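S.K.: Taken in sequence, the protein lines are chains E and R.
Quick note: the first sequence, position 22, residue 22 per my numbering, numbers continuous.
Quick note: the second sequence, position 288, residue 618 per my numbering, numbers continuous.
2 protein chains.
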Amino acid sequence: MNEFELIKTVTHGAPAQKDGLVRGVGDDCAVISGNETKDFLITTDALFEDVHFKREWISPRTLGRKALSVNISDIAAMGGKPLFYLVTIGIPKAFPLKEVEEIFEGMANSAFVHRTALIGGDTCSSANGLLISITVIGDIDRGKSIYRSGAKIGDSVYVTGILGHAALGLACLEKGIRSLEVREFIRKHDDPTPRVAIGQWLMSSTCVSSMIDISDGLVSDLNHIAEASNVEIKIFANQIPKVEEFAKAANRCNKDALTLALTGGEDYELAFTVSSYKKDLFEKMMKVVAPTFGHAVTKIGEVTAGNGVKIIDMHGANMHLTKGGYEHKF
Amino acid sequence: MNEFELIKTVTHGAPAQKDGLVRGVGDDCAVISGNETKDFLITTDALFEDVHFKREWISPRTLGRKALSVNISDIAAMGGKPLFYLVTIGIPKAFPLKEVEEIFEGMANSAFVHRTALIGGDTCSSANGLLISITVIGDIDRGKSIYRSGAKIGDSVYVTGILGHAALGLACLEKGIRSLEVREFIRKHDDPTPRVAIGQWLMSSTCVSSMIDISDGLVSDLNHIAEASNVEIKIFANQIPKVEEFAKAANRCNKDALTLALTGGEDYELAFTVSSYKKDLFEKMMKVVAPTFGHAVTKIGEVTAGNGVKIIDMHGANMHLTKGGYEHKF
């Protein structure tokens with residue numbers, strides 16, 4: 001049983017409706033009714049030692065920054081603005097206080113960039129390794145949250161940035177490769193940038209019908225959109241954005257660049273669909289605003305009738321992945 | 331360095347003010363401005379295997395119930411109403427799925443009692459033991475949150491229920507005593523009841539100047555009120571509520587009943603102060619409503635000038651505790 005099946009199992013029977021609840025389990029954030037102009041977004045995510053990170057591979061400061069950034073990414077994936085965060089940290093015996101401070105400094109650094117304030121939490125000793133569990137609260141214009149369930153047949157599929165770099169960085173860490181050419185991939189793995197600015201812009205553009213952040217891998221996460229929206233998503237392999245150094249470095253790690261881009265986790269880019277009747281408007285607006293974001297926005301596919309995610313090669317044929325997206329297996 | 335010093339260290343420099351933030355780090359919950367009539371309360375707390383619980387001592391269902399109840403207790407301690415919860419659970423390899431389901435059933439049970447809905451979370455595999463981290467969101471009439479900082483000289487100090495029972499239950503678990511006479515103490519430790527109903531009533535009574543829930547022990551938690559309010563709190567030892575079986579069972583565990591009541595953690599009762607000029611009104615109201623709560627409400631002390639918590643014996647002399655309240659030591 002994988003993570004998604006498990007969540008379904010344990011939340012089965014959870015109340016679907018409650019006063020003040022706009023959206024419960026099943027999207028990047030839960031949505032709570034705030035006031036006449038705002039909804040609140042809330043999300044929680046944890047990093048466990050030896051599952052999500054190894055202490056010898058990442059500095060405490062970078063770890064802290066990543067722990068907050070990946071939570072903020074869930075707010076970005078709804079089109080929202082992060083406001084506050086709470087931290088539960090479990091600290092092993094004999095863990096240096098200085099490193100605890102550095103973890104919190106790293107979080108404060110991400111918080112400063114994204115104007116997010118620490119408002120609470122819990123510190124405990126841990127008998128079993130370091131762990132950091134964070135809850136982030138954000139807000140968004142009332143009723144404007146972008147869900148996974150809004151994709152419609154005929155919509156176009158886009159991604160921000162470039163995919164697979166974090167997974168390649170992880171592969172380099174695992175293989176002990178630390179050379180200059182791969183530093184950027186390791187940095188992308190260790191220190192992801194949540195796409196908050198473009199997430200908010202996409203929300204305000206009113207062109208976007210569904211959105212998710214890519215934490216488990218493009219195919220795996222687009223599958224959530226396909227399932228929630230009851231559609232099929234076609235991805236054109238030759239439209240996946242790539243950089244030349246990436247294929248070379250992937251080769252050195254005995255990895256296939258396309259497979260990394262399609263299935264590699266932890267990029268924390270945004271994948272989203274644009275309504276068919278707003279595509280031209282969206283493309284025009286993107287031309288104007290894209291340079292301000294500092295990362296690419298690329299059309300990679302389309303929404304069709306059916307279910308699941310299909311990868312289409314340059315000849316129009318279905319490609320079959322030999323393994324699925326990265327999931328936390330039990 | 332203990333938990334409280336650590337929290338101070340790492341949150342030093344956290345922004346004290348931000349739009350929409352009513353109260354940040356340092357109380358039972360953070361308070362966020364909601365709308366014209368409501369504020370939101372938010373709190374997070376975790377249970378770690380071999381730190382907060384041992385799997386051989388508690389059933390998965392009871393553990394789940396406790397994990398949610400202790401978080402709801404923080405909402406009660408502000409006078410609020412719990413609404414929603416998010417769960418991050420870290421599951422060791424080979425942990426039975428059935429027990430995961432039972433943990434969530436236990437949470438759902440506490441949630442049902444307190445009308446609280448599961449709205450999100452994160453499930454991960456854990457390399458290092460079971461852990462449950464929960465965030466609870468509640469609401470409260472705007473501006474009516476009861477803080478630790480409101481106690482004034484001349485106020486009276488009260489507690490709900492009876493103290494020390496959970497700590498005695500833990501002592502019994504540690505010593506392997508499971509006889510019928512101690513079952514109720516073990517139950518109190520394993521399955522605390524958050525004081526939500528009286529917490530909300532105390533808020534609406536407008537008589538209460540400060541409040542906290544007793545998670546670390548009466549003296550330790552009243553110290554937070556004393557410090558936040560810049561006052562001294564005097565507790566009269568002979569006014570501490572007690573039951574006869576408790577002293578006997580404490581004896582069997584080589585524990586002093588009074589010390590357990592003063593320093594034992596995890597009772598999740600409420601300690602609060604009543605404004606001096608509303609004391610008579612409060613006592614009159616309590617006589618009417620107390621029977622509906624099903625637990626005692628006892629005056630145990632008063633707020634004076636100074637700092638810290640003093641324990642006064644029947645002769646009016648200061649008592650000195652040989653050890654402080656229960657804290658999670660690093």
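Built from N, CA and C at the ideal position, the CB exists for glycine as well.
Owing to the predicted nature of the structure, the values given are computational and were not obtained by experimental measurement.
Do arginine 82 of chain E and arginine 115 of chain E have their C-beta atoms closer together than 9 Å?
M.R.: Looking at the sequence itself, residue 82 of chain E is proline, so the reference to arginine does not match. Contact flag set, yes.
S.K.: Please classify alanine 117 of chain E: does DSSP put it in a helix, a strand, or coil?
M.R.: Looking at alanine 117 of chain E - three-state DSSP - the assignment turns out to be strand.
S.K.: Can you name the residues of chain R whose CB is closer than 7 Å to the CB of phenylalanine 53 of chain E?
M.R.: Going along chain R, no residue has its Cβ under 7 Å from phenylalanine 53 of chain E, so there is no contact; the nearest lies around 11 Å.
S.K.: By the criterion of Cβ-Cβ separation under 9 Å, what are the contact partners of phenylalanine 84 of chain E in chain R?
M.R.: Chain R residues near phenylalanine 84 of chain E: Lys348, Gly350, Leu351, Gly354, Ala360, Ile362 and Ile372.
S.K.: Would you say serine 133 of chain E lies against chain R (beta-carbon separation less than 9 Å)?
M.R.: Closer than 9 Å: yes.
S.K.: Is the Cβ of valine 87 of chain E closer than 9 Å to any Cβ of chain R?
M.R.: Judged by the 9 Å Cβ criterion, valine 87 of chain E is in contact with chain R.
S.K.: Is there a Cβ of chain R sitting closer than 9 Å to that of glycine 332 of chain E, yes or no?
M.R.: Absent from the structure is residue 332 of chain E, since the part of chain E shown begins at 1 and ends at 330.
S.K.: Sort E:Glu266, E:Ile137, E:Leu222 and E:Ser145 by Cα distance to arginine 187 of chain E and report the nearest one.
M.R.: Checking every option, the nearest Cα to that of arginine 187 of chain E belongs to E:Glu266.
S.K.: At the level of alpha carbons, what is the spacing between methionine 533 of chain R and glycine 164 of chain E?
M.R.: Cα to Cα, methionine 533 of chain R sits roughly 53 Å from glycine 164 of chain E.
S.K.: What residue range is occupied by the uninterrupted alpha helix (DSSP H) comprising alanine 247 of chain E?
M.R.: Here the alpha helix (DSSP H) through alanine 247 of chain E covers 244-252.
S.K.: Check whether the region 495-510 of chain R and the region 584-592 of chain R are in contact - that is, three or more C-beta pairs closer than 8 Å.
M.R.: Short answer: they touch.
S.K.: Can you give me the C-alpha to C-alpha distance between histidine 554 of chain R and tyrosine 607 of chain R, rounded to a whole angstrom?
M.R.: Looking at the two C-alpha atoms, the distance is approximately 23 Å.
S.K.: Please classify cysteine 29 of chain E: does DSSP put it in a helix, a strand, or coil?
M.R.: Here cysteine 29 of chain E sits in coil by DSSP.
S.K.: For glycine 636 of chain R, is the beta carbon positioned less than 8 Å from some heavy atom of the ligand ATP?
M.R.: Because no ligand of any kind appears in the structure shown, any question about the ligand ATP cannot be addressed here.
S.K.: Could you pull the DSSP bridge partners for aspartate 139 of chain E from this structure?
M.R.: Aspartate 139 of chain E pairs with E:Phe40 and E:Lys81.
S.K.: Of all the options E:Phe236, E:Gly264 and E:Glu269, which has the alpha carbon lying nearest to the alpha carbon of glutamate 302 of chain E?
M.R.: Out of E:Phe236, E:Gly264 and E:Glu269, E:Phe236 has the C-alpha closest to the C-alpha of glutamate 302 of chain E.
S.K.: Under 8 Å: do the region 64-71 of chain E and the region 101-111 of chain E share three or more Cβ pairs, one atom per stretch?
M.R.: Short answer: they touch.
S.K.: Mind reading off the beta-carbon distance from valine 512 of chain R to alanine 579 of chain R? Whole number of angstroms is fine, and I expect it under 8 Å.
M.R.: Valine 512 of chain R to alanine 579 of chain R, Cβ: 5 Å. Contact.
S.K.: When the Cα of glycine 351 of chain E is compared with those of E:Gly316, E:Glu232 and E:Asp39, which residue comes out closest?
M.R.: Absent from the structure is residue 351 of chain E, since the part of chain E shown begins at 1 and ends at 330.
S.K.: Distance, Cα to Cα, isoleucine 240 of chain E vs threonine 206 of chain E?
M.R.: Their backbone Cα atoms lie some 24 Å apart in a straight line.
S.K.: For the region 439-453 of chain R, which residues have a CB atom closer than 7 Å to at least one CB atom of chain E, in sequence order?
M.R.: Those residues of the region 439-453 of chain R that come within reach of chain E (Cβ to Cβ, closer than 7 Å) are Ala447, Leu448, Ile449, Gly450, Gly451, Asp452 and Thr453.
S.K.: Return helix, strand or coil for glycine 350 of chain R, following the three-state DSSP convention.
M.R.: Coil.
S.K.: Distance cutoff 9 Å, beta carbons only. Does glycine 161 of chain E sit that close to anything in chain R?
M.R.: No, glycine 161 of chain E does not count as interfacial toward chain R.
S.K.: Using a cut-off of 8 Å between C-beta atoms, extract the partners of glycine 90 of chain E located in chain R.
M.R.: The answer, in chain order, is Ala376, Phe378, Val381 and Leu461.
S.K.: Should the region 117-130 of chain E be regarded as contacting the region 447-464 of chain R, the criterion being three or more beta carbon pairs within less than 8 Å?
M.R.: At 8 Å Cβ cutoff, the stretches touch.
S.K.: Just list the beta strand (DSSP E) runs in the region 50-116 of chain E, keeping only unbroken ones of 3 residues or longer that don't cross its boundaries, in chain order.
M.R.: 81-92, all fully within the region 50-116 of chain E.
S.K.: Let me make sure I understand the geometry here. Which of E:Val208, E:Leu173, E:Ile212 and E:Ser69 has the alpha-carbon closest to that of glycine 154 of chain E?
M.R.: Residue E:Val208 is the option with its Cα nearest to glycine 154 of chain E.
S.K.: Can you tell me whether aspartate 313 of chain E is buried or exposed? The criterion is at least 16 other CB atoms within 10 Å of its CB, across all chains shown.
M.R.: So aspartate 313 of chain E ends up on the exposed side.
S.K.: Whose Cβ in chain E lies nearer than 8 Å to the Cβ of isoleucine 467 of chain R?
M.R.: Correct list: Ile32 and Ile42.
S.K.: Chain E partners of asparagine 365 of chain R, CB-CB under 8 Å?
M.R.: Here the neighbours are Gly34, Asn35 and Glu36.
S.K.: Could you tell me how far apart the beta carbons of serine 210 of chain E and threonine 263 of chain E are, in whole angstroms, since I believe they sit closer than 8 Å?
M.R.: Not really, about 20 Å apart at Cβ, beyond 8 Å.
S.K.: When we look at the beta-carbon of glutamate 379 of chain R and count the other beta-carbons within 10 Å, is it buried (16 or more) or exposed?
M.R.: Buried, since its Cβ has 16 or more Cβ neighbours within 10 Å.
S.K.: CA-CA distance, glycine 409 of chain R and lysine 299 of chain E?
M.R.: Answer to the nearest angstrom: the Cα atoms are 51 Å apart.
S.K.: From E:Leu260, E:Val231 and E:Trp57, pick the residue whose C-alpha is nearest to that of isoleucine 177 of chain E; which is it?
M.R.: For isoleucine 177 of chain E, the nearest C-alpha among the options comes from E:Trp57.
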